[in-house]
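J.: Residue numbers (our numbering): -4 to 197.
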Amino acid sequence: MRKSIVALSLSCALLLPSAALAEGGAGAIDAFKQSQTEVTSLVDAKADAKELQAKVDTLLDYDWIATAALGGPKRFAERCTERCDEFKGLLTKLIRKNYLKRINDKNRGTVEYLKEHVRAKATKVDTKVTFTDKAGETKTVEIDYVMHKVDGQWHVRDMITEGVSLAKNYKYEINKLYKDGGMDKVITSLQAKVDELDAETP
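(1) Are the CB atoms of VAL145 and TYR94 within a distance shorter than 7 Å?
(2) Among GLU107, HIS143 and LYS92, which one has its Cα closest to the Cα of VAL113?
(3) Considering just the uninterrupted stretch of the beta strand (DSSP E) at ASP56, what are its terminal residues?
(4) Mind listing, in chain order, the continuous beta strand (DSSP E) runs of no fewer than 3 residues lying wholly within the segment 27 to 110?
(5) Does LYS171 come out as helix, strand or coil in the three-state DSSP assignment?
(6) If I'm right that ALA64 touches LYS166 with Cβ under 8 Å, what's the distance once you round it to whole angstroms?
(7) Determine, using beta carbons only, whether LYS110 and ASP121 come nearer to each other than 7 Å.
(8) Using the Cβ count rule (16 or more neighbours within 10 Å means buried), how would you classify ASP179?
(9) Whole-angstrom Cβ separation of LEU91 and GLN29, contact assumed at under 8 Å?
(10) Going by Cα to Cα distance, which pick from GLU191, GLY176 and GLN148 is closest to ALA23?
(11) Work out the CA separation of LEU86 and LEU16 for me, nearest whole Å.
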């Protein structure tokens, strides 16, 4: 899987809560802001890894992302067959590890929560992240979060960075791997990425 896709998945974690909340009442934007504040507060307090992971897991809808990545509900079971749980588990680990890697970065940047767009199928939360890159330059990136409310709780199902969708990119890359070598190649590639991240963890 290309590093660009992994880099995109990291974008959701370049966040440090700020005081800016330009528009949008109670709903997705407030729920998202609260969740991000809680996550970064746990990081700053050097909370137990399991506690931090549990909080992250309440925010991201791993199951939906995994199902969409294999072509949606109609194709999911047919494609992954007896390896569905293995696939979901590895993709969950990859997304979670990338998130935690960046959220633990001392240079997470600051985020402005701009606006929410309520739609029939989903609600989109617009944010703007400002951070300093490795060259010392200040950069600003627009990141939108597609959120759905399930059983009274908001979950992130997609992250759109500068117009590029994380969910669509995962779908494209995994579909490419699947066509090339079936689920064996998909699983092998995901495992390699997870192992790579494990090796980077001190």
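Yeah, the Cβ is synthetic: ideal placement off N, Cα and C, and Gly gets one too.
T.: With the given structure in hand:
(1) Not a contact, by the Cβ cut-off of 7 Å.
(2) Looking at the Cα atoms, HIS143 is the closest of the given residues.
(3) Segment: none, ASP56 is in no beta strand (DSSP E) and carries neither H nor E.
(4) Within the segment 27 to 110, no complete beta strand (DSSP E) run reaches 3 residues.
(5) Three-state result, LYS171: helix.
(6) A Cβ-Cβ separation of about 5 Å places ALA64 in contact with LYS166 under the 8 Å criterion.
(7) The answer is yes: Cβ separation under 7 Å.
(8) ASP179 should be labelled exposed.
(9) Residue identity check: residue 91 is Arg in the sequence provided, not Leu. With a Cβ gap of about 20 Å, ARG91 and GLN29 do not count as contacting.
(10) That would be GLN148, whose Cα lies nearest to the Cα of ALA23.
(11) Bear in mind that the predicted position of LEU16 carries a pLDDT of just 35, short of 50, making it unreliable; the figure below should be weighed with that in mind. Rounded to the nearest angstrom, the two C-alpha atoms are 32 Å apart.
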